Ligand SMILES: Cc1ncc(COP(=O)(O)O)c(C=O)c1O
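Numbering (the working numbering), first residue to last: 621 to 909.
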């Protein structure tokens with residue numbers, strides 16, 4: 621849409637992956653990309669954005685600090701602001717997740733959907749897609765229980781859900797290896813909360829340790845090496861089954877939103893790079909003659 625509307629320069633504050641995606645599309649469309657992301661963003665995101673030729677500024681802060689800088693500079697610089705939920709089209713793109721699940725379930729919906737919730741666009745987009753598909757007569761009125769999964773170190777939506785609030789409060793000192801979930805105050809928090817509540821779902825946080833454990837278990841058992849955000853949903857599923865909130869015979873869908881390979885810093889805490897000597901101590905090093 622940006623290309624169709626004749627936009628030449630786009631800017632984004634990002635926790636990492638939205639920046640990578642925007643940089644790629646901007647490169648393909650011949651647009652200038654201006655990216656502001658936290659200095660401790662996964663290195664994969666930084667390398668991708670630079671490789672796509674984007675102008676990258678690293679900020680000693682969070683996505684919320686990046687957003688302030690874009691807002692301050694965009695007018696003077698002539699940038700179109702692609703911040704989460706500040707333009708209408710990203711959510712239209714994320715509706716695809718709702719269409720695909722309906723199509724793959726033969727135009728019904730599953731009983732439960734787990735979604736790792738940062739800015740919430742995926743959750744809000746799917747919810748919009750369901751309503752629109754019902755209006756088109758493609759699906760019925762039944763909705764999945766929508767489960768918003770966050771990280772212990774940044775869980776504004778979970779806190780608001782638990783306290784019955786309509787909006788979230790800024791989460792101080794947000795910190796998690798699930799960088800996509802490091803959004804201290806989602807702009808569309810009230811829309812996320814509405815979807816979760818109307819669907820009879822819930823919001824739940826898991827620790828980084830639980831996410832990485834679940835990521836490795838998922839890889840071992842199913843051959844899927846997921847981003848910690850997706851793995852967080854697997855950890856959350858276990859908790860909700862243990863609590864009896866969900867039953868094993870329900871049709872449950874988990875969205876994995878990223879590849880584990882983008883998060884080598886996080887998974888390296890489990891499998892650090894070994895020097896030759898260290899590998900030898902573990903009995904595994906063979907020196908070819
Ligand atoms: C891997 C990953 N998962 C989940 C999210 C959260 O997405 P949403 O804004 O749809 O809540 C992000 C956002 O940055 C992400 O990068």
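Glycine is no exception: its CB is placed at the ideal position from the N, C-alpha and C atoms.
Note that this is a predicted model, so its numbers are computed, not measured.
{"Asked": "Contact shell at 5 angstroms, judged by CB to any heavy atom of ligand 1, ordered along the chain", "Found": "635, 637, 736, 737, 738, 739, 740, 741, 742, 800, 847, 849, 877 and 878"}
{"Asked": "Contact under 8 angstroms by Cβ, residue 809 with residue 718", "Found": "no"}
{"Asked": "In DSSP terms, what residue 832 is bridged to", "Found": "Paired residues: none, contrary to the question."}
{"Asked": "DSSP three-state assignment for residue 822, whether helix, strand or coil", "Found": "strand"}
{"Asked": "Same chain, Cβ closer than 6 angstroms to residue 747, neighbours up to 5 away in sequence not counted", "Found": "815"}
{"Asked": "Beta-carbon proximity list for residue 899, same chain, < 7 angstroms, skipping 5 on both sides", "Found": "905"}
{"Asked": "Cα-Cα separation, residue 626 to residue 650", "Found": "11 angstroms"}
{"Asked": "Residue environment, residue 868, which counts as buried when at least 16 other CB atoms sit within 10 Å", "Found": "exposed"}
{"Asked": "Beta strand (DSSP E) segment containing residue 735, residue limits", "Found": "732-736"}
{"Asked": "Check: residue 625 C-beta below 7 angstroms from any heavy atom of ligand 2", "Found": "Ligands in the displayed structure: ligand 1; ligand 2 is not one of them."}
{"Asked": "Rounded C-alpha distance that separates residue 653 from residue 793", "Found": "28 angstroms"}
{"Asked": "Length at least 4, wholly inside the segment 705-731: the alpha helix (DSSP H) runs in chain order", "Found": "709-714 and 716-724"}
{"Asked": "Validate contact between the segment 778-798 and the segment 835-852 using beta carbons, cut 8 angstroms, 3 pairs", "Found": "yes"}
{"Asked": "Helix, strand or coil at residue 916 according to DSSP, with G and I counted as helix", "Found": "A question about residue 916 goes unanswered here, because the residues of the chain that appear run from 621 up to 909."}
{"Asked": "Which listed residue (688, 754, 751 and 825) has its alpha carbon closest to that of residue 779", "Found": "825"}
{"Asked": "For residue 690 and residue 730, believed in contact at Cβ under 8 angstroms, the rounded distance", "Found": "Contact flag wrong, Cβ pair sits at about 36 angstroms."}
{"Asked": "Nearest-angstrom Cα separation, counted from residue 641 out to residue 672", "Found": "10 angstroms"}
{"Asked": "The segment 703-710 in contact with the segment 763-780 per 3-pair CB rule at 8 angstroms", "Found": "no"}
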